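Participant: Per my numbering, residue 113 is the first one in the sequence shown, and the count goes up by one each step. Every residue, glycine too, gets a C-beta built ideally from N, C-alpha and C. On a predicted model such as this, the values are computed, not experimentally measured, just so you know. My structure is below; once you've seen it, I'll send some questions.
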Amino acid sequence: MIWLGAALALLVLAGWVTWLVRRLAVAPAWAEVLGPRRSAVVRRATVAVAALGVVAFVAAEVVQRTTDPAPWRPMLWLGLTAVAFTWYLTLGLLVVALVCGALRLARRPSARLRAARWGAVLAVLAAATTTAYGHIEAAHVRTTEHEVVVDDLGAGLDGLRVAFVSDLHVGPVRDGDFVREVVDQVAGTDADLVVLGGDYADGLHRHVGPYLDPLGDLDAPHGVVGVTGNHEFLNGDADELVARLEELGTTVLGNESVVVEAGGARLVVAGVHDAVGTGADAPDPDAALAGTTPDDAILYVAHEPSQVVTDRGVDVQLSGHTHGGQLWPFGWFVPLDQPTVAGVDDVGGVTLVTGRGAGAWGPPVRVGAPPEVVVVTLRAG
Numbered sequence: 113m114i115w116l117g118a119a120l121a122l123l124v125l126a127g128w129v130t131w132l133v134r135r136l137a138v139a140p141a142w143a144e145v146l147g148p149r150r151s152a153v154v155r156r157a158t159v160a161v162a163a164l165g166v167v168a169f170v171a172a173e174v175v176q177r178t179t180d181p182a183p184w185r186p187m188l189w190l191g192l193t194a195v196a197f198t199w200y201l202t203l204g205l206l207v208v209a210l211v212c213g214a215l216r217l218a219r220r221p222s223a224r225l226r227a228a229r230w231g232a233v234l235a236v237l238a239a240a241t242t243t244a245y246g247h248i249e250a251a252h253v254r255t256t257e258h259e260v261v262v263d264d265l266g267a268g269l270d271g272l273r274v275a276f277v278s279d280l281h282v283g284p285v286r287d288g289d290f291v292r293e294v295v296d297q298v299a300g301t302d303a304d305l306v307v308l309g310g311d312y313a314d315g316l317h318r319h320v321g322p323y324l325d326p327l328g329d330l331d332a333p334h335g336v337v338g339v340t341g342n343h344e345f346l347n348g349d350a351d352e353l354v355a356r357l358e359e360l361g362t363t364v365l366g367n368e369s370v371v372v373e374a375g376g377a378r379l380v381v382a383g384v385h386d387a388v389g390t391g392a393d394a395p396d397p398d399a400a401l402a403g404t405t406p407d408d409a410i411l412y413v414a415h416e417p418s419q420v421v422t423d424r425g426v427d428v429q430l431s432g433h434t435h436g437g438q439l440w441p442f443g444w445f446v447p448l449d450q451p452t453v454a455g456v457d458d459v460g461g462v463t464l465v466t467g468r469g470a471g472a473w474g475p476p477v478r479v480g481a482p483p484e485v486v487v488v489t490l491r492a493g
């Protein structure tokens, strides 16, 4: 079944690339304006670039899942960036195809040909510009501040600042230097508690795990806690990653809770494994919230917003996973799977704070969903 799925995926990929080549090199009938030789050069160049992008992407997928990405980083960057470029090129060419189709129905062949030619050029320029912008946006992690009122929170913890970092996704493109920048940014937030929301790395832990070592410098008066994300389990070595985080001073909440106390006030910080965990690593909200009552102030941490628990007295939930959509317009489709995309929402009486994440999965590109470190200030009700 695996080989059948791979064959179907390659077939779809080949069909997609063939369509792109036709829209770029065949439909515009370049021979009429460039002559046979130059139009042949355009066609060959388009096929070569498309083939290079496919090869780089497939190679990137294989390398990041099987070996140390460091020596291959330029190729990984190229292959993963090709995904974003191709996505926006496809969107642009779809618009061009619709316009050309309408002109064909209107029996305006000359106008259709002009639209195909100019549209192909503009689609390439727009895709390149959007992808370049997305690289710049993805490279600048911002700090987003939210203030949340917790009715059950005692006055002694009023104003508690919680820094939330999720979805670092180090490995293929980003390494320890990126993590160091994020750690330094968290240090500047004056947080009382740091929460890590999962999806730390992509790739085998023995290769990419050391990139997370700067997390050991995270420091907050009430400590550093974290949970697992779905990629920890997809990578197949969640236990090794959890062990590294613990060695770095992070308390990993695997269906557990800790209590933050100050001035006679208490805050229960509970965390669960990601929804894809199985066996001992399956999410267990009952275990995480054992011993709590609806009168407790509860901060709940789960990688995915869909893991929200609305019937156990949880006041605030911190989640990541969505990336805010990462590449426009994917944010429009996130609600098909998750109750929120980003920001602060009320879901069944729980204040759900969803961060867009600091890193990027796949393409090191973000469009319309800038990366962030989220700081939540808890106010006593």
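Compute the Euclidean distance between the alpha carbons of residue 239 and residue 202, then round it to the nearest angstrom.
Facilitator: Their backbone Cα atoms lie some 9 Å apart in a straight line.
Participant: Assign residue 312 to one of three DSSP states: helix, strand, or coil.
Facilitator: Coil, per DSSP.
Participant: Looking only at its own chain, which residues have a Cβ that is under 6 Å from the Cβ of residue 437, when we skip the five neighbours before and after it?
Facilitator: 443, 446, 481, listed in sequence order.
Participant: Please list the segments of the alpha helix (DSSP H) lying wholly inside the segment 260-312, counting only runs of 4 or more residues, in order along the chain.
Facilitator: Complete alpha helix (DSSP H) runs here, min 4: 288-299.
Participant: I'd like the list of long-range same chain contacts for residue 345, defined as Cβ closer than 6 Å, with 5 residues on each side in sequence excluded.
Facilitator: Within the same chain, residue 345 has close Cβ partners 388, 389.
Participant: Would you please state the rounded distance, in angstroms, between the beta carbons of residue 190 and residue 474? I believe it to be under 8 Å.
Facilitator: Incorrect: roughly 13 Å between the Cβ atoms, too far for contact.
Participant: Give the range of the alpha helix (DSSP H) segment to which residue 156 is assigned.
Facilitator: Run containing residue 156: 143-178, per the alpha helix (DSSP H) assignment.
Participant: Whose CA, out of 478, 470, 117, lies closest to the CA of residue 298?
Facilitator: Closest by alpha carbon: 470.
Participant: Curious, which full-length beta strand (DSSP E) runs of at least 3 residues does the segment 400-428 contain?
Facilitator: For the segment 400-428, whole beta strand (DSSP E) runs of length 3 or above, ordered along the chain, are 410-413.
Participant: Which residue from 432, 461, 476, 491 puts its Cα closest to that of residue 500?
Facilitator: Outside the shown range of the chain, which is 113 to 493, sits residue 500, and nothing can be said about it.
Participant: Would the beta-carbon of residue 419 fall within 8 Å of that of residue 314?
Facilitator: Not in contact: residue 419 and residue 314 (Cβ atoms no closer than 8 Å).
Participant: Can you find the residues in the same chain that come closer than 8 Å, C-beta to C-beta, to residue 462, ignoring five residues on each side of it along the sequence?
Facilitator: Cβ neighbours of residue 462 beyond the five flanking positions: 412, 420, 421, 422, 426, 427, 428, 429.
Participant: In whole angstroms, give me the CA-to-CA distance for residue 310 and residue 357.
Facilitator: Rounded to whole angstroms, residue 310 to residue 357 spans 11 Å at the Cα level.
Participant: Out of 167, 279, 128, 363, which has the shortest C-alpha to C-alpha gap to residue 486?
Facilitator: Ranking the options by Cα distance to residue 486, first place goes to 279.
Participant: Is residue 403 near the ligand SAM, going by C-beta to nearest heavy atom under 7 Å?
Facilitator: As presented, the structure is devoid of all ligands, the ligand SAM included, so that no description of it is given.
Participant: Since residue 208 contacts residue 227 with CB under 8 Å, what's their CB separation in whole angstroms?
Facilitator: That belief holds up - the Cβ atoms of residue 208 and residue 227 are roughly 7 Å apart, short of 8 Å.
Participant: Could you pull out every residue in the same chain whose Cβ sits closer than 7 Å to the Cβ of residue 141, ignoring the five residues on either side in sequence?
Facilitator: Correct list, in chain order: 225.
Participant: For residue 455, which beta-bridge partners are listed by DSSP?
Facilitator: According to DSSP, which records beta bridges pairwise, residue 455 is partnered with 466.
Participant: Under 8 Å, do residue 364 and residue 338 count as touching if we go by C-beta distance?
Facilitator: A contact, by the Cβ cut-off of 8 Å.
Participant: Rounded to the nearest angstrom, how far is the Cβ of residue 290 from that of residue 282, given a contact under 8 Å?
Facilitator: Their Cβ separation, rounded to whole angstroms, is 6 Å, which keeps residue 290 and residue 282 in contact under 8 Å.
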